[in-house]
Structure formats: structure tokens, C-alpha cells
Amino acid sequence: MRPVFDALITDLKRSTKLFMDETHAPVLDPGSRKTKTGYFWALARDDRPWNGNAPPGVAFTYAPGRGGLHAERILQGFSGVLQVDGYAGYNRLVAPDRIGPDIRLAYCWAHARRKLVEITRTGPTPIAEEGVKRIGELYRIEADLRGLDADTRLVARQERSKPLIADMKTWLAHHRARVAAKSPLGETLKYIAKYWDGLRLFLTDGRIELDNNSVERTIRPIALNRKNALFAGHDAGAENWATIASLVETCKLNDVDPLAYLTSTLTAVVNGHKQSRIDDRGIIGSYVARVTNDC
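To convert a position in the sequence shown, counted from 1, into the working numbering, add 248.
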């Protein structure tokens, strides 16, 4: 199935708007009688919120670590907007001295909101509560725009969301000057200010979402399976896990029965279907209709 996975991730990287996230993957460390921590890096496409034509999909790549060099390796050949959380490892993708395709990072408002919500749970915190309310206003606007084309979303964001963002920038600067920098609230406001340019990038492109939730949803089954399986037996096993998970989750995103799809594809392999004709199996491009028909 590896050639099918390669075709999938190649197709994803032809897009100019993707999501990325990572989650840990326990792997048995031979000889040590314990596990080591590897990572599944998820690269996902979901254009449905802005009524895009490309089918959704996700490709998981196993790597022995969480360093940004792994993200850079996986993204070779991709150019465009990458929506991520605030993990510092992605910074190397936009470093001033970077040589390679142009990548713009769009950050996640859900992570910023989550940090503020955690503060509100410790007691009365008017500033954090107001921050949560302000972000909620952005989400209410987005709910009205879901499913509209990118140009329509962009116009509406300029009219409705841009003034809110401008006002929030003033609010942020005002409170950062008055809140203790090392306090939980101070650290959270610092976090929002640090990623401000990427957080407001959705105002310039109707394809960008407010958050990274699309890819986080694809990772949840990995976490569940991790609890059931406990660990991969070795690095090669983790790579195989990532490959099969990519095909299963991509099927689910397209309302295709994973078992029927895998049965159909493996049967084709046994019957001599060539790697050079992977497109004919409907794995990439217009694979939604083709795979559904095959199954």
C-alpha cells in the first residue's frame, strides 16, 4: 500500500492550502524493555468549508521526533498557506534565510481561546472572559459563512471581522501593558501577540479557517488506537501504521467504507494492477467518485 500512500501525499501537496499537526506515537525500543516516543505528522486538506472542489484527505507520516526539520522534510514541494497550532517547530518553515517554496503560516484561534478559557476556570477573570467573548464573536461570523465560496467569505470578513480584529489589537496592547508578564494571563496575552500576524491571516484569504480543528479531528482515531494497541513493535511498524491510517481516515473523510476500499485495492494489486496506473484506482485527483464506484 505504500505506493498508494505516496500518491495520496503527492496529491495533497499539490494544493496551496493545507493543515498540519502532530501527535506522539509510542514505539517499542528493542533491547531497552521500554518504549520510545515517535510522532505521527498529519498533513490534511479540507476545502469543504469554502466549497472547494478538491476532495478531503489526510496523510500521516511517522518520524522519530518532533523537530521542525521533520515538518520541513514532509512538506518538500508544497507552497502556499499551512494552517498550524503555535508549536515553535514550524517557525523554520518561514525563517528569513529559508531557501525553498514560499510557505505562509496561518495560526489557530481555538488554541488562543483555549488558553483564555483555562484561566477563567481559576476564578473571576474579567480580562480573560472578555477575550473569550471577543473570539466567540469571530466564530459566530464564521458560522454564517461556512459553505460559501472563498471570495464571498473574504468580502464578509473584511466587512464584519476586520473591525473586530482591529479593536482586539488595541484591547490586547492595552492589557499587555497592565498585566504582569509572568502571570498566566500575561503569558496568554503574550502568546496571542506573538502569533498575531498568523492569527489575522484569515482576513486576507477566504480559504483559511479560524482554527486547526480540521486536522485535529483526523488525529483523534490515532489517539484512540494508541490506547488500544499500546505501541508499535518497531519503527517500520509505526510507518506501516501511519500508511494504513492515512488510507482509512481519507476514506472516512469521503464517506467511503474503508474495509471495502482496502479490499478492492488489495484485490487489484493481487490481480496485477500496476503502480504506474494508481490514478486509475481513483486514489488521487477525482478519487471520491471513482473509489465509491469501485467499492
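Backbone N, C-alpha and C fix where the C-beta goes; we use that ideal spot for every residue, glycine too.
In the DSSP assignment, what are the bridge partners of R293?
Paired residues: G305.
Pick out whichever of Q523, E366, V342 and A480 has its Cα sitting closest to the Cα of F288.
Nearest option by C-alpha distance: A480.
For H213, which residues does DSSP report across the bridge?
In the structure as shown, the chain starts at 249 and stops at 543, and residue 213 therefore has no counterpart that could be examined.
What is the residue span of the alpha helix (DSSP H) that E487 lies within?
Where E487 is concerned, the enclosing alpha helix (DSSP H) stretches over D483 to L501.
Please report how far the alpha carbon of A255 lies from the alpha carbon of T498, in whole angstroms.
C-alpha separation (whole angstroms): 13 Å.
Could you give the uninterrupted runs of the alpha helix (DSSP H) lying entirely in the region 297-385, keeping only those of 4 residues or more?
List check, alpha helix (DSSP H) in window: 316-322 and 357-368.
For a test of the three-state rule: what should DSSP assign to R408, helix, strand or coil?
Of the three classes helix, strand and coil, the one that applies to R408 here is helix, per DSSP.
Just the C-alpha distance for A484 and L510, rounded to the nearest angstrom, thanks.
Their Cα atoms are separated by approximately 20 Å.
Along the chain, where does the alpha helix (DSSP H) that runs through D445 open and close?
Run containing D445: W444 to L447, per the alpha helix (DSSP H) assignment.
Can you list, in chain order, the residues of its chain whose CB lies under 6 Å from that of D459, leaving out five sequence neighbours each side?
The residues are C356, W357 and A358.
For V252 versus L501, is the C-beta spacing smaller than 8 Å?
Contact: no.
Would you tell me roughly how many angstroms separate the C-alpha atoms of R361 and H318, rounded to the nearest one?
Cα to Cα, R361 sits roughly 28 Å from H318.
Drop a sphere of 10 angstroms on the beta-carbon of Q406, count the other beta-carbons inside from all chains shown, and report buried for 16 or more, exposed for fewer.
Classification for Q406: exposed.
For G434, I'd like the list of residues in its chain whose CB is within less than 7 Å of its CB, leaving aside the five on either flank, ordered along the chain.
Only V427 and A428 meet the Cβ criterion.
Would you identify the three-state DSSP class for V275, choosing helix, strand or coil?
In this structure, V275 counts as strand in the three-state DSSP scheme.
From the DSSP secondary-structure annotation, give me the bridge partner or partners of M268.
Paired residue(s): L291.
Any idea what DSSP makes of A480, helix, strand or coil?
Three-state result, A480: strand.
Using the C-alpha atoms, what's the distance from M249 back to I492?
Looking at the two C-alpha atoms, the distance is approximately 8 Å.
DSSP on G212, reduced to helix/strand/coil?
Within the shown structure, residues of the chain are numbered from 249 to 543, placing residue 212 beyond reach of any answer.
Since I believe F267 is in contact with D294 (beta carbons under 8 Å), could you give me their beta-carbon distance rounded to a whole number of angstroms?
Contact flag correct, Cβ pair sits at about 7 Å.
Under a three-way DSSP split, which group does T550 fall into?
The structure shown does not extend to residue 550, since the chain spans only 249 to 543, so no value can be given for it.
A486: which of L260, L396 and D277 sits nearest, CA to CA?
Checked all of L260, L396 and D277; the closest Cα to A486 is D277.
Counting along the chain, where does the alpha helix (DSSP H) carrying I526 start and finish?
Taken as a continuous stretch (DSSP letters only), I526 belongs to no alpha helix (DSSP H), as it is neither H nor E.
Are the CB atoms of A471 and T271 within a distance shorter than 8 Å?
Yes, the Cβ-Cβ distance between T271 and A471 is below 8 Å.
Excluding the 5 residues flanking N299 on each side, which residues of the same chain have their C-beta closer than 7 Å to its C-beta?
Taken in chain order, the residues that qualify are G395, L396 and D397.
What would DSSP say about K417, mapped onto helix, strand or coil?
K417 falls in the helix class under three-state DSSP.
Residues in its own chain within less than 7 Å of L386 by CB, not counting five upstream and five downstream?
Correct list, in chain order: W357, S409, L412 and L458.
Apply the 10 Å Cβ neighbour rule to L341 and answer buried if 16 or more other Cβ atoms are within range, or exposed otherwise.
Classification for L341: buried.
Would you give the residue range spanned by the alpha helix (DSSP H) that D254 belongs to?
That run of the alpha helix (DSSP H) goes R250 to L260.
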